[in-house]
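Below is one structure, written out as structure tokens; the observations come after it.
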Amino acid sequence: MVKMIIKRMIQSIPMMIAISIVSFLLIKLAPGDPVQAYITPEMGPVQIESIRESMGLNSPIHIQYIKWLKSALKGDLGYSLVNHRPVATQIIERLPATLGLMGASLVISMILGVIMGLISAANQNKIFDNIVTFTSYLGISIPSFWFAMMLVYVLSLKLKLLPSIGMRTIGVHSNWDLIRHGIMPTIVLSLQNIAVITRYIRSSTISQLKEDYVIVEYASGASKREVLYKYVLKNAILPVITILGMSLPGLVSGAFITESIFGWPGMGQLGIKSIFSYDYPLIMAITMFSSFILIIGNLISDILYGIVDPRIKELN
Numbered sequence: 036m037v038k039m040i041i042k043r044m045i046q047s048i049p050m051m052i053a054i055s056i057v058s059f060l061l062i063k064l065a066p067g068d069p070v071q072a073y074i075t076p077e078m079g080p081v082q083i084e085s086i087r088e089s090m091g092l093n094s095p096i097h098i099q100y101i102k103w104l105k106s107a108l109k110g111d112l113g114y115s116l117v118n119h120r121p122v123a124t125q126i127i128e129r130l131p132a133t134l135g136l137m138g139a140s141l142v143i144s145m146i147l148g149v150i151m152g153l154i155s156a157a158n159q160n161k162i163f164d165n166i167v168t169f170t171s172y173l174g175i176s177i178p179s180f181w182f183a184m185m186l187v188y189v190l191s192l193k194l195k196l197l198p199s200i201g202m203r204t205i206g207v208h209s210n211w212d213l214i215r216h217g218i219m220p221t222i223v224l225s226l227q228n229i230a231v232i233t234r235y236i237r238s239s240t241i242s243q244l245k246e247d248y249v250i251v252e253y254a255s256g257a258s259k260r261e262v263l264y265k266y267v268l269k270n271a272i273l274p275v276i277t278i279l280g281m282s283l284p285g286l287v288s289g290a291f292i293t294e295s296i297f298g299w300p301g302m303g304q305l306g307i308k309s310i311f312s313y314d315y316p317l318i319m320a321i322t323m324f325s326s327f328i329l330i331i332g333n334l335i336s337d338i339l340y341g342i343v344d345p346r347i348k349e350l351n
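In structure tokens:
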């Protein structure tokens with residue numbers, strides 16, 4: 036297992052370098068000019084060119100990339116072009132809010148998806164199964180931004196049950212206030228994952244219920260509940276571990292949209308703001324940090340799969 040972890044970490048190095056090259060090129064080739072943030076009506080062409088030179092924007096792209104890479108390897112991610120604050124400091128400030136939202140979403144998705152999938156499979160082709168199947172397809176199909184706006188309209192504007200923006204009410208520091216602000220963003224971020232996990236668990240459980248070992252357990256006098264939760268669940272849950280790793284890109288990209296809609300002060304909201312303000316150092320840092328989270332998440336997924344599945348453990 037340790038060898039596998041080391042191997043995966045080594046493999047991630049060229050992957051991160053490739054991501055950084057592609058991201059850097061896309062950012063530099065995208066429309067917009069970071070110098071615009073510094074231009075005032077009084078400035079002439081000479082002053083504007085001087086600013087461009089001081090920012091290193093006149094150098095060839097490969098020289099700019101090498102300079103960025105050297106600084107990044109030293110832990111220096113540069114300074115924001117908009118507020119001139121260290122990029123690393125801004126990411127560290129915003130990271131807990133994003134990780135909290137993603138963590139809550141993963142836990143809720145896992146719990147609800149597994150429970151609904153198991154019950155649905157145990158009651159195949161019955162009313163509950165039909166309802167779960169329909170809502171799962173609906174959950175996969177609904178765009179997250181539309182669902183978020185509908186939640187805000189119904190729960191916040193009409194019923195006035197939940198706050199629609201921010202992470203806390205000004206002047207209020209209770210945990211309940213934090214939970215109330217986080218309910219809608221968490222629901223939006225969890226919707227598709229719950230639907231996908233439910234579908235996979237249902238399909239996997241139905242497949243496992245047809246296996247010979249299930250028939251043997253029934254013949255030995257085991258109850259349906261015992262067979263389902265003690266034997267079938269262990270095998271049916273294996274695909275979910277893979278799904279969790281695959282769902283991380285959706286969670287990260289979903290966090291950008293969700294945090295922007297709900298004004299959640301996380302890394303996703305910061306990323307959207309940096310894109311609209313052409314804050315290249317911040318865009319680059321958030322892109323690389325998001326990629327790092329995805330790689331670590333997939334590594335954890337592989338480790339969990341090896342722990343749960345004895346065949347993988349023996350192979351490693």
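Here this note's numbering is used: position 219 in the sequence shown is 254, and no number is missing along the way. Glycine is no exception: its CB is placed at the ideal position from the N, C-alpha and C atoms.
On the DSSP letters alone, give me the boundaries of the alpha helix (DSSP H) that residue i sits inside.
i: lysine 38; result: 37-64
i: glutamine 243; result: 210-243
i: tyrosine 264; result: Careful: tyrosine 264 lies outside any alpha helix (DSSP H) and carries neither H nor E.
i: leucine 104; result: 96-108
i: tryptophan 181; result: 179-186
i: tryptophan 164; result: It is aspartate, not tryptophan, that sits at residue 164 in the sequence shown. 162-176 is the span of the alpha helix (DSSP H), which, as asked, contains aspartate 164.
i: proline 4; result: Residue 4 lies beyond the residue range present for the chain, which begins at 36 and ends at 351; the question has no answer from this structure.
Please name the residue, chosen from the options, that lies closest to residue i on a Cα-to-Cα basis.
i: methionine 137; options: Ala271, Leu279, Ile83; result: Leu279
i: threonine 293; options: Ile83, Ser199, Met78, Ser155; result: Ser199
i: glutamine 304; options: Ile250, Ile310, Ser295; result: Ser295
i: isoleucine 330; options: Ser47, Met39, Ile41; result: Ser47
i: leucine 190; options: Gln159, Val167, Gly217; result: Gly217
i: leucine 273; options: Arg43, Ser255, Ser242; result: Ser242
i: isoleucine 52; options: Leu104, Pro66, Pro80, Ile162; result: Leu104
i: isoleucine 86; options: Ile74, Lys269, Ser288, His97; result: Ile74
i: asparagine 158; options: Met219, Pro178, Arg260; result: Arg260
DSSP beta-bridge partners for residue i?
i: tyrosine 248; result: DSSP, once it has assigned bridges, lists no residue as partnering tyrosine 248.
i: tyrosine 372; result: No answer is possible for residue 372: the residues shown for the chain start at 36 and end at 351.
Cβ of residue i within 9 Å of Cβ of residue j?
i: alanine 290; j: glycine 152; result: no
i: threonine 240; j: tyrosine 340; result: no
i: leucine 186; j: valine 223; result: yes
i: serine 309; j: isoleucine 328; result: no
i: leucine 116; j: isoleucine 126; result: no
i: serine 312; j: arginine 237; result: no
Measuring from the CB of residue i, is there a heavy atom of the ligand ADP at a distance below 8 Å?
i: serine 144; result: Of the ligands one can find in the structure shown there are none, so the ligand ADP has no counterpart to examine.
With a CB to CB cut of under 8 Å and the five nearest residues on each side skipped, what residues in its chain are close to residue i?
i: isoleucine 175; result: Gln227, Ala230, Val231, Arg234
i: methionine 184; result: Ile296
i: leucine 196; result: Leu190
Apart from the five residues on each side of it in sequence, which residues of its chain come closer than 7 Å, Cβ to Cβ, to residue i?
i: methionine 221; result: A small correction: the amino acid at residue 221 is threonine; methionine does not occupy that position in the sequence shown. If we look at threonine 221 and ignore the five residues flanking it on each side, its Cβ neighbours are Leu136, Ala139, Ser140, Ile143.
i: threonine 204; result: Pro198, Asp212
i: valine 287; result: Ser325, Ile328, Leu329
i: arginine 215; result: Leu197, Pro198
For residue i, which residues of its own chain have a beta-carbon under 6 Å away from its beta-carbon, when the five flanking residues on both sides are left out?
i: tyrosine 10; result: The requested residue 10 is not part of the displayed model; the chain covers only 36 to 351.
i: phenylalanine 59; result: Tyr100
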